[in-house]
Each structure stands twice: as C-alpha cells, then as structure tokens.
Amino acid sequence: MLLYGLLATTVLTWLPSTAAYDLYIDDRFTFDGTHSDYAQQFYQRYRAGDKLDRITGSVPGEVHQLLSKYQLEFAKLNPFLQRAVLWDAGYAKAGDRGYTKIYVKCGLRMSEMAISLNGYQSQGCTEQKCSSPNGLAFHQSLYCSGYQMGNVSLCATTDGTAPVHAPMWSDGGTEETVPENELFKHEWTEWNDTSIKYVIYAIHLVGDKNSYGKCSKPSMTIPCVVYDQSSDWCSPARGNLVQQWLTAEKRANATSPWMYALLFAAIAIVVVFTVIGYRRVTRSAQQAKPASATSSDDEGTENSAPLRSARESAMYTTTKDLESGNRDGTPYQGAQYDSGQSTEPSERTSDASTFHVGHQSGHHSGQHNHLISDFTTGVNPDLESPNDVPIMEPSPTFSSFHEKKRHNSGATDQHTLASTRKATKKTSSIMENGYDVDYSSLGLSDERFEAFKAIFMGLDRSKTGAITAKQFEALCFELGETLDEEEMAMAVASLENENTGLIHFSTFLPWWVSD
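Heads up: the sequence shown runs through residues -20 to -1, 1 to 495, numbered per mature numbering (1 follows the signal peptide of the UniProt record, and there is no 0).
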C-alpha cells in the first residue's frame, strides 16, 4: 500500500491538471465600472464556478493565429477563456454579423477603454444618476451630442447590430457580472439641425435592461466612433492575464509521451504487486485448510479432509471400516426407487447411485475384495484422489487382514467386484454421450448442483468428456472460485484429456463440492 501511495502521488503530481488555474491577478480588482478589464472578470467568474455555453461559431482568423502559438484550438477552450481571448484581441459580437474588430487609441489595451464620470463630464455632457435596489450608485448618459461623445471615446469600430434606444455610456458594474458583450449602433439626427447626422457604436453588456432615461441595474456601456483608416487607431495591446491563462492551458493540455509512459509503468507495477499479494494470501489460506482439519495420530482421531464431498466422506469412512474389518459400523440403507421397493444388493450396486450401495451389498454378503471407487472421481484403477481416498482394486496379496473377518465365500466377492465395475462402466458411458450425467450423484448442494448443471450443459458436446481451458476459466468465474497456479495447472491438464476430463473434474477440484 505504501508503494501504491507513493506511485499515485508522484504520477498525479506530474500529470497535467484540469482544475481552475491560479493566475497572478490584482487582489484589489473589483468589477465596478471604473475599468473595462473584461478578461479578468471572465477569469474571476470562471474560478467562482459560473457556467457559460461554449462558442461554436466561426471566429476571426486572427484569433486562430494567436492560439496557434500556444498549440491550442479555440473550439476546445473553456467558454470563459474563449470570451477572454476574443475581448483581449479586440473583438465584440455584432449580432448575426459575427465578431467585429475594435480599435483603440494606439498603445491602449482593451482593459483601458472605460470612460470615467469625470471624463464624460469634461466634454460638457450631462449624466443621469442611477441607483440599484440594493443602493449601488452608478451613472448613464442623458444629454450628450454625437460630437461630444466622439471626443470622449477611446475606441472605434466598423459595424454594429440594429439601432437601440439605450444610453451610449454608463459606468456601473457588480462582482457577479459575467461581461458578455455585444455591439450596438446608435444613429440619430441633430434635433435643431436635421442636416447633421451622428453614428456612435456602443459596447453593451448582454442582458442590460437599462434604457434611455431609465436605469435600475448597474451595467457598463463603452462608446466607440466609426473607424477611419486615416485616423490614429490601432489594434489593442495584449493584456497580461490572457497570456498567462493561455500558457497555463497549454501546460494543462500537454501530452508529453514520457508522462504517459510513466503513468502506464506505474499502473503496471501496482497491478503486478497487487496480483502477487493476492495470490500469496489465497495460497496461504488454501494451504491452511488441510492442516486445520487433521488431528494428531496420538489422539486416535481420524478427521475427514476439509470440504470433502458427501460421496468422498462416505467412501473414506467405508474404506476405513473395510481396512479394520468393521463392517457392522456401516449402516445398511436400502435404496428406494419409484416403485417404493428396496432393491437387492446386486441391483443397488449396479445402479451406482452411491458408494454406500456397493458397500451395502458387501454388508450382507461378507465379501472382502472391493473395488474402491467413487463413480464421479475415478476411472483409472491406479489413481488416488487428493483427499487420500484410494481409487484402486486391492490386490489379493493385501487381503490377509480381511481374511480374518471373512464370513462368506470368494464367489460373493467376485460378484460385488463385477457389479461395481459394471456400474463404473455405465457411468462413464453416460458422461461420454454429451454430459447427460446424474449431477445429484456428485454430492452437490442445491446451489452448486444448479451451477454445475448450467455450465456443463453448455459445453461443447462434440468433445467426449473434455472441456477446454477457456471453458474452465469461464466455469471458475461462474462459480466464484479462485485457484493458485499449481491448482490451475493440475486442473487444466486433467480437463484437456478428452476421455477423462469431466470425470477428473471433481477429482482435482474437490473443494468445489460441498456437503
């Protein structure tokens, strides 16, 4: 976990961040109508979490050329930066006409176009005093000729949208203002001389509800004259904040290959260590199972292996009874069929529904030489299951102990052996014909029975008893089991055997069979 934390911290520190930028700004900045620094106000509202729609229409080529120096695309900028770039470059929206170029007195920035109350009054113009509902005082133009307004103006432009009946100048502003702007055209004739016509463009804020003679909300309006190429007008000088903002955006969008290579390497290391740790924990837990289920031989106790199936447990107990000659310790249980009648021992043995049936036949006949076989876990007489249950036919040379307990003739013994072999052959034949097996004979719980049945019935029936490694992995996933490498290798090797794959399934994976 410590390694993971260090890697995560390092990678997150080096990777670019998309959070709001912390640019250098004047702490004394307030948007109160005394300046036209719209770019900085856009940044303030961006940091405050305001929302705007991204500009998707066409913008002037000058803007694209500017952004190319930062390897940025206008369409991918955040909406606030888009508007800050347009304003800083000297563009205002003129309705459906698109963005119109704004020129300023040479050497000025767009943030320096605001006209103060003193400047407005210096040309003999009269203002209207306004007050907002919360008591904020501001002003807007009331009486000012086109000539006077032209003299006070610090900008010029070439176009604007339809004429409006609104003030050409105002000095209001609030901290919450988002300074989206649009360019309007004011056109009128001198009241006492109709031969004199005036045209003044004015940059209004979007949503400004103030009109001529009526004012209720602080808002800013900047007057501009008609642009004349012979006049002393220039493109605005660039502001510092937008350049900082674009530089930060470039850094945040950097796609340095080594950064991502480092990220992928760090992720790979974390994954490898996680997998190794998980396998160690799983293997330790599985290795601890047999140890916790066995007791000391000095105590004279015999415990079955953990998670041994009901069939394997019965087979284990029966085998121990046979080895000790204690046949009375195994209860006799007749198998009930649809007819409701108990079958004879030989019939029960040939049916092979449980290992007890084969032993019960011996319980009555007293034979000593049995085929010790679980019909779901072995077909080879030389195999031995993982739970120490012998799957073999004991040789007559090892039956001396049982000779002492023998009550009947060897003919009965041979009869039981033949019946048991017949049942084994029958079960193997069923399995080889498309997995149509008696799943209940596996000794599974109801939940496990349904899981095994659903998986095996979906396997490839063209294979005679085998399932592929891929199918085996799917089965593991379906049953929610986890194997370590050794167990996986053993299981897959067995399952790839076309003749014994299905049979060996429960032999090598007994922990999947619960009582």
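Glycine included, each C-beta is placed from N, C-alpha and C at the ideal position.
(message) Taking the straight line between their C-alpha atoms, what separation do you get for phenylalanine 11 and valine 158?
(response) Counting from 1 along the sequence shown, the entry for residue 11 is found at position 31. Counting from 1 along the sequence shown, the entry for residue 158 is found at position 178. Between phenylalanine 11 and valine 158, the C-alpha separation is close to 10 Å.
(message) Between the stretch 133 to 142 and the stretch 200 to 220, can you find at least three pairs of beta-carbon atoms closer than 8 Å?
(response) These segments touch.
(request) Using 10 angstroms around the beta-carbon of arginine 260, count the other beta-carbons present and answer buried if the total reaches 16, otherwise exposed. (result) Taking the first residue of the sequence shown as position 1, residue 260 is located at position 280. The residue is exposed, with fewer than 16 neighbouring Cβ atoms inside 10 Å.
(request) State yes or no: is the C-beta of methionine 148 within less than 8 Å of the C-beta of serine 121? (result) Position 168 of the sequence shown, counted from the start, is the residue given in the question as residue 148. Position 141 of the sequence shown, counted from the start, is the residue given in the question as residue 121. Their beta carbons are under 8 Å apart, which means methionine 148 touches serine 121 by this criterion.
(request) Rounded to whole angstroms, what's the CA-CA distance from proline 361 to glutamine 266? Just pull it up for me. (result) In the sequence shown, residue 361 corresponds to position 381, counting from 1. In the sequence shown, residue 266 corresponds to position 286, counting from 1. With a pLDDT of 38 at proline 361, under the threshold of 50, the modelled position of this residue cannot be trusted; read the value that follows with caution. Per the coordinates, the alpha-carbon of proline 361 lies some 28 Å from the alpha-carbon of glutamine 266.
(message) Mapping the DSSP letters down to three states, classify glutamine 108 as helix, strand or coil.
(response) Within the sequence shown, residue 108 is the residue found at index 128, counting from 1. Glutamine 108 carries a strand assignment under DSSP once its states are collapsed to helix, strand and coil.
(message) With three or more beta-carbon pairs closer than 8 Å as the criterion, would you say the stretch 188 to 204 touches the stretch 48 to 59?
(response) Fewer than three beta-carbon pairs drawn from the stretch 188 to 204 and the stretch 48 to 59 are found closer than 8 Å, and the two stretches are therefore not classed as touching.
(request) Indicate the three-state DSSP secondary structure (helix, strand or coil) for alanine 94 in the structure shown. (result) By 1-based counting over the sequence shown, the position of residue 94 is 114. Shown here, alanine 94 sits in coil according to DSSP, grouped into three states, outside any helix or strand.
(message) Let me make sure I understand the geometry here. Which of Pro216, Asn172, Glu167 and Tyr192 has the alpha-carbon closest to that of isoleucine 180?
(response) Position 200 of the sequence shown, counted from the first residue, corresponds to residue 180. It is Glu167.
(request) Note down the Cα distance separating aspartate 30 from tryptophan 213, rounded to an integer number of angstroms. (result) In the sequence shown, residue 30 corresponds to position 50, counting from 1. In the sequence shown, residue 213 corresponds to position 233, counting from 1. The alpha-carbon separation between aspartate 30 and tryptophan 213 amounts to approximately 35 Å.
(request) Go ahead and pull the three-state DSSP assignment for isoleucine 176. (result) Position 196 of the sequence shown, counted from the first residue, corresponds to residue 176. Isoleucine 176 falls in the strand class under three-state DSSP.
(request) Mind reading off the beta-carbon distance from glutamine 128 to cysteine 105? Whole number of angstroms is fine, and I expect it under 8 Å. (result) Along the sequence shown, one-based indexing puts residue 128 at 148. Along the sequence shown, one-based indexing puts residue 105 at 125. Going by Cβ atoms, the distance from glutamine 128 to cysteine 105 rounds to 5 Å, so yes, they are a contact pair.
(request) Take glycine 280 and list the residues in its own chain whose beta-carbon comes closer than 7 Å to its own, dropping the five residues that flank it on each side. (result) Walking along the sequence shown from the start, residue 280 turns up at place 300. At glycine 280, the pLDDT of 43 sits below 50, so the modelled position is not reliable and the matter cannot be decided from this model.
(request) Figure out for me which residue from Lys230, Arg231, Gln223 and Ala246 has the closest Cα to the Cα of glutamine 20. (result) By one-based count along the sequence shown, residue 20 stands at place 40. Here the closest residue by C-alpha is Gln223.
(message) Going by DSSP in three states, serine 102 sits in which element: helix, strand or coil?
(response) Along the sequence shown, read from residue 1 onward, the residue named residue 102 stands at position 122. Secondary structure at serine 102: coil, using DSSP grouped into helix, strand and coil.
(message) Quick test of your reading: leucine 3 and alanine 228, contact by CB under 8 Å. State the CB separation rounded to the nearest angstrom.
(response) Numbered from its first residue, the sequence shown carries residue 3 at position 23. Numbered from its first residue, the sequence shown carries residue 228 at position 248. The Cβ separation is near 7 Å, so the contact holds.
(message) Do lysine 85 and glycine 70 count as a contact pair if the criterion is CB distance below 8 Å?
(response) The count along the sequence shown starts at 1 and reaches residue 70 at position 90. The count along the sequence shown starts at 1 and reaches residue 85 at position 105. Going by C-beta atoms, glycine 70 is not nearer than 8 Å to lysine 85.
(request) For proline 143, I'd like the list of residues in its chain whose CB is within less than 8 Å of its CB, leaving aside the five on either flank, ordered along the chain. (result) Position 163 of the sequence shown, counted from the first residue, corresponds to residue 143. Contacts found: Phe164, Lys165, His166 and Glu167.
(message) Are the CB atoms of methionine 200 and serine 150 within a distance shorter than 8 Å?
(response) One-based indexing of the sequence shown puts residue 150 at position 170. One-based indexing of the sequence shown puts residue 200 at position 220. Contact: yes.
(message) If I measure Cβ to Cβ from glycine 130 and keep anything under 6 Å in the same chain, skipping five residues before and after, which residues do I get?
(response) In the sequence shown, counting from the first residue as 1, residue 130 sits at position 150. Same-chain partners within the cutoff: Val205.
(request) Rounded to whole angstroms, what's the CA-CA distance from histidine 119 to alanine 55? Just pull it up for me. (result) Taking the sequence shown and counting its residues from 1, the one referred to as residue 119 is at position 139. Taking the sequence shown and counting its residues from 1, the one referred to as residue 55 is at position 75. Approximately 37 Å, taken between the alpha carbons.
(message) Using 8 Å as the threshold, is the C-beta distance between proline 40 and tyrosine 79 below it?
(response) Indexing the sequence shown from 1 puts residue 40 at position 60. Indexing the sequence shown from 1 puts residue 79 at position 99. Result yes, Cβ atoms of proline 40 and tyrosine 79 sit closer than 8 Å.
(message) Which same chain residues end up closer than 7 Å to leucine 221 when comparing Cβ atoms and leaving out the 5 residues on each side of it in sequence?
(response) Taking the sequence shown and counting its residues from 1, one reaches residue 221 at position 241. Scanning its chain for C-beta atoms nearer than 7 Å, with the 5 sequence neighbours on each side dropped, one finds around leucine 221 the residues Leu3, Ile5, Ala19, Gln20 and Tyr23, in chain order.
(message) Am I right that glycine 193 and glutamine 108 are in contact with their C-beta atoms under 8 Å? What's the rounded C-beta distance?
(response) Taking the first residue of the sequence shown as 1, we reach residue 193 at position 213. Taking the first residue of the sequence shown as 1, we reach residue 108 at position 128. Contact holds; Cβ gap of about 7 Å.
(message) Let me check understanding here. Comparing Cα to Cα, which of Arg63, Ala64, Lys73 and Ile35 lies closest to glutamate 162?
(response) Your numbering for residue 162 matches position 182 in the sequence shown. Of the candidates Arg63, Ala64, Lys73 and Ile35, the one whose C-alpha sits nearest the C-alpha of glutamate 162 is Lys73.
(message) If you measure between the beta carbons of arginine 218 and aspartate 68, is that distance less than 8 Å?
(response) Here the question's residue 218 lines up with position 238 in the sequence shown. Here the question's residue 68 lines up with position 88 in the sequence shown. Yes. Within cutoff.
(request) Below 8 Å on the Cβ atoms is my guess for leucine 116 versus proline 198; work out the distance and round it to an integer in Å. (result) One-based indexing of the sequence shown puts residue 116 at position 136. One-based indexing of the sequence shown puts residue 198 at position 218. With 8 Å as the limit, leucine 116 and proline 198 qualify as a contact, their Cβ atoms being about 5 Å apart.
(request) Using three-state DSSP, classify lysine 189 as helix, strand or coil. (result) Locating residue 189 in the sequence shown gives position 209, counting from the first residue. Of the three classes helix, strand and coil, the one that applies to lysine 189 here is coil, per DSSP.
(request) Can you give me the Cβ contacts of residue 497 inside the same chain, cut-off strictly under 8 Å, excluding the 5 residues immediately before and after it? (result) Coverage of the chain is limited to positions -20 through 495, which leaves residue 497 absent and any answer about it impossible.
(message) Quick check: what's the CA-CA separation for serine 96 versus serine 16?
(response) Residue 96 sits at position 116 when you count from the first residue of the sequence shown. Residue 16 sits at position 36 when you count from the first residue of the sequence shown. Going from the Cα of serine 96 to the Cα of serine 16 covers about 11 Å.
(request) Look at the alpha carbon of threonine 254 and the alpha carbon of isoleucine 247, and state the distance between them as a whole number of angstroms. (result) Here residue 254 is taken as the residue at index 274 of the sequence shown, counted from 1. Here residue 247 is taken as the residue at index 267 of the sequence shown, counted from 1. Cα to Cα, the separation comes out at about 10 Å.
(message) Give me, in chain order, the residues of the same chain whose beta-carbon lies closer than 6 Å to that of tyrosine 26; leave out the 5 immediate sequence neighbours on both sides.
(response) Here the question's residue 26 lines up with position 46 in the sequence shown. So the list reads Phe60, once near-sequence residues are dropped.
(request) For isoleucine 35, I'd like the list of residues in its chain whose CB is within less than 6 Å of its CB, leaving aside the five on either flank, ordered along the chain. (result) Stepping through the sequence shown from its first residue, residue 35 is reached at position 55. In the same chain as isoleucine 35, and ignoring 5 residues on each side of it, the C-beta atoms closer than 6 Å to its own belong to Gln62, in chain order.
(request) Tell me, please, which residues DSSP counts as bridged to alanine 182. (result) On the sequence shown, residue 182 is found 202 positions in, with the first residue counted as 1. Alanine 182 is bridged to Phe164 and Pro203.
(request) May I ask you to report which of helix, strand or coil DSSP gives aspartate 151? (result) The sequence position of residue 151 within the sequence shown is 171, counting from 1. Reduced to three states, the DSSP call for aspartate 151 is strand.
(message) Can you tell me whether glycine 126 is buried or exposed? The criterion is at least 16 other CB atoms within 10 Å of its CB, across all chains shown.
(response) For the purposes of this step, residue 126 is taken as the residue at position 146 of the sequence shown. Its Cβ being crowded by 16 or more others within 10 Å, glycine 126 is buried.
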